[in-house]
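As structure tokens, the structure follows; a few thoughts come after it.
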Amino acid sequence: MSTVEELLKINEELRNKIEELTKRNSTRCKIAEMSMQVVDSNPYSRLMALKKMGIVKNYEKIRTFCVAIIGVGGVGSVAAEMLTRCGIGKLLLFDYDKVELANMNRLFFQPHQSGLSKVEAAAETLQNINPDVEILSFNYNITSVDNFEHFQSTLLTQGCDGKPVDLVLSCVDNFEARLTINSVCNETNLNWFESGVAENAISGHIQFLEPGRTACFACVPPLIVASNIDEKTLKRDGVCAASLPTTMAIVAGFLVQNTLKYLLNFGDVANYLGYNALNDFFLQ
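Residue numbers (full-length UniProt numbering): 1 to 284.
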């Protein structure tokens, strides 16, 4: 191959990379109002069809709500993407972990994001999907004594128009973090959904908790905790928790479906929903 041919080939490769980067970084303009107009350029037409069909009275009200997602892992990241695509007004994301290649068996995160904080990577991706959604990210451990007050005040003041958040979604993977969320929500009278996927990856659940009406999470702990077994002792050396993107996506779907029903006041919100993948068994 001659020098000229080599230069032409390099030039072509560079042009292809620039086009690829341009496509990757291209985002649509913000949209002032949700429209029911059925055109290819309207990202909300199929969502607003719920209003036209009489399922939801006022779907555009979704823009007035703020949801906090605690834990942006296998369930939380997918839940965040679903809410973003649904046009939620504002999202608060809390996590202190980083994206790893070991996370690539799950949905949402991509290899090139490895090393970034999960909230940073998630916020960037979600903003590209829907620039109408306001996204705030908080990269810290909510169970830390130093962060507790900030976590609580954020939930109370960083909702839409400086109000408290409308709902808290717990997508964490440990009992300590769940207790922290439970404590804050009880003190601030915030409703929340607890969710989880078993370490064998074949079952999961969601649970709605409303301070003063439903049982407090600390009053109905998991069987392992109620049996005074330290959850840390359950992990075997050299064996990490299993993780299936299917189970996590199913749980995230149930979580967001009930979030939408709660916020937009349609259908019945599940107080508890359990799912076992081995025999597709549902527990309510």
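Every residue gets a Cβ at the ideal spot worked out from N, C-alpha and C, and that includes glycine. This one's a predicted model, so the numbers in the text were calculated from it and none came from an experiment.
When the Cα atoms are used, what is the spatial distance from A252 to C66? The residue given as residue 252 occupies position 252 in the sequence shown. The residue given as residue 66 occupies position 66 in the sequence shown. Their backbone Cα atoms lie some 17 Å apart in a straight line.
If I follow the unbroken beta strand (DSSP E) through L136, where does it start and stop? The residue given as residue 136 occupies position 136 in the sequence shown. Residues 134 to 139.
Would a C-beta distance cut-off of 8 Å place F148 and V119 closer than the cut-off? Start at 1 with the first residue of the sequence shown, and residue 148 comes out as number 148. Start at 1 with the first residue of the sequence shown, and residue 119 comes out as number 119. No, Cβ-Cβ distance for F148 and V119 is not below 8 Å.
Would you report the Cα separation of H112 and K90, rounded to the nearest angstrom? Working through the sequence shown from its first residue, we reach residue 112 at position 112. Working through the sequence shown from its first residue, we reach residue 90 at position 90. Rounded to whole angstroms, the separation of the alpha carbons of K90 and H112 is 26 Å.
Could you check where the beta strand (DSSP E) with Y272 kicks off and where it finishes? Locating residue 272 in the sequence shown gives position 272, counting from the first residue. Here the beta strand (DSSP E) through Y272 covers 272 to 276.
Using the Cβ count rule (16 or more neighbours within 10 Å means buried), how would you classify G204? As a first step, residue 204 is located in the sequence shown; it is residue number 204 there, counting from the start. Burial is judged here by how many other beta carbons sit within 10 angstroms of a residue's own beta carbon; G204 has at least 16 and is buried.
Supposed contact pair A121 and V99 - C-beta distance, whole angstroms, cut 8 Å: Within the sequence shown, numbered from 1, the residue matching residue 99 stands at position 99. Within the sequence shown, numbered from 1, the residue matching residue 121 stands at position 121. With a Cβ gap of about 5 Å, V99 and A121 count as contacting.
Can the beta-carbon of R63 be found closer than 8 Å to that of I129? As a working note, residue 63 is residue 63 in the sequence shown. As a working note, residue 129 is residue 129 in the sequence shown. It is not a contact, given that the beta carbons lie outside the stated cut-off.
Alpha helix (DSSP H) runs wholly inside the stretch 46 to 131, at least 4 long, in chain order: Within the stretch 46 to 131, the complete alpha helix (DSSP H) segments of 4 residues or longer fall at 76 to 86, 118 to 129, listed in chain order.
Nearest-angstrom Cα distance between F282 and I206? Sequence index remark: in the sequence shown, residue 282 carries index 282 (1-based). Sequence index remark: in the sequence shown, residue 206 carries index 206 (1-based). For F282 and I206, the distance between alpha carbons rounds to 11 Å.
Stretch pair the stretch 239 to 248 + the stretch 190 to 201: three plus CB contacts closer than 8 Å: A contact between stretches requires three or more CB pairs, one per stretch, nearer than 8 Å, and the stretch 239 to 248 meets this requirement with the stretch 190 to 201.
Among N103, A123, E124, which has the Cα closest to the Cα of S114? In the sequence shown, the residue the question calls residue 114 occupies position 114. Residue N103 is the option with its Cα nearest to S114.
Enumerate, from N- to C-terminal direction, the unbroken alpha helix (DSSP H) stretches of 4 or more residues contained entirely within the stretch 170 to 218. Counting whole runs of 4 or more residues, the stretch 170 to 218 contains the alpha helix (DSSP H) stretches 175 to 188.
When we look at the beta-carbon of E124 and count the other beta-carbons within 10 Å, is it buried (16 or more) or exposed? As a first step, residue 124 is located in the sequence shown; it is residue number 124 there, counting from the start. So E124 ends up on the exposed side.
Which class does F266 belong to by DSSP, given the choice of helix, strand or coil? Within the sequence shown, numbered from 1, the residue matching residue 266 stands at position 266. In this structure, F266 counts as coil in the three-state DSSP scheme.
Alpha carbon to alpha carbon, how far is G87 from G74? Give it in angstroms, no decimals. Taking the sequence shown and counting its residues from 1, one reaches residue 74 at position 74. Taking the sequence shown and counting its residues from 1, one reaches residue 87 at position 87. One C-alpha to the other measures close to 21 Å.
So is A215 buried or exposed if we call it buried at 16+ other beta carbons inside 10 Å? Mapped onto the sequence shown, residue 215 falls at position 215. A215 is exposed by the Cβ-count criterion.
On a Cα-Cα basis, can you pick out the residue from N186, Q37, S41 that is closest to C29? Against the sequence shown, residue 29 aligns to sequence position 29. The residue with the shortest Cα to Cα distance from C29 is S41.
Are there 16 or more other CB atoms within 10 angstroms of the CB of V39, so buried, or fewer, so exposed? Counting from 1 along the sequence shown, the entry for residue 39 is found at position 39. That one is exposed.
Nonlocal neighbours in the same chain, by C-beta distance under 6 Å from L156, ignoring five residues either side: By one-based count along the sequence shown, residue 156 stands at place 156. Once the five neighbours on either side are set aside, the close Cβ partners of L156 are P164, T188.
Give the single residue among A218, D173, D280, E210 whose Cα lies nearest to the Cα of V269. Here the question's residue 269 lines up with position 269 in the sequence shown. With distances taken between Cα atoms, V269 lies closest to E210.
Find out if the Cβ-Cβ distance for the pair A80, L255 is shorter than 8 Å. As a working mapping, residue 80 is identified with position 80 in the sequence shown. As a working mapping, residue 255 is identified with position 255 in the sequence shown. No. Outside cutoff.
Where DSSP assigns a beta bridge to L283, which residues make up the other side? Your numbering for residue 283 matches position 283 in the sequence shown. According to DSSP, which records beta bridges pairwise, L283 is partnered with G274.
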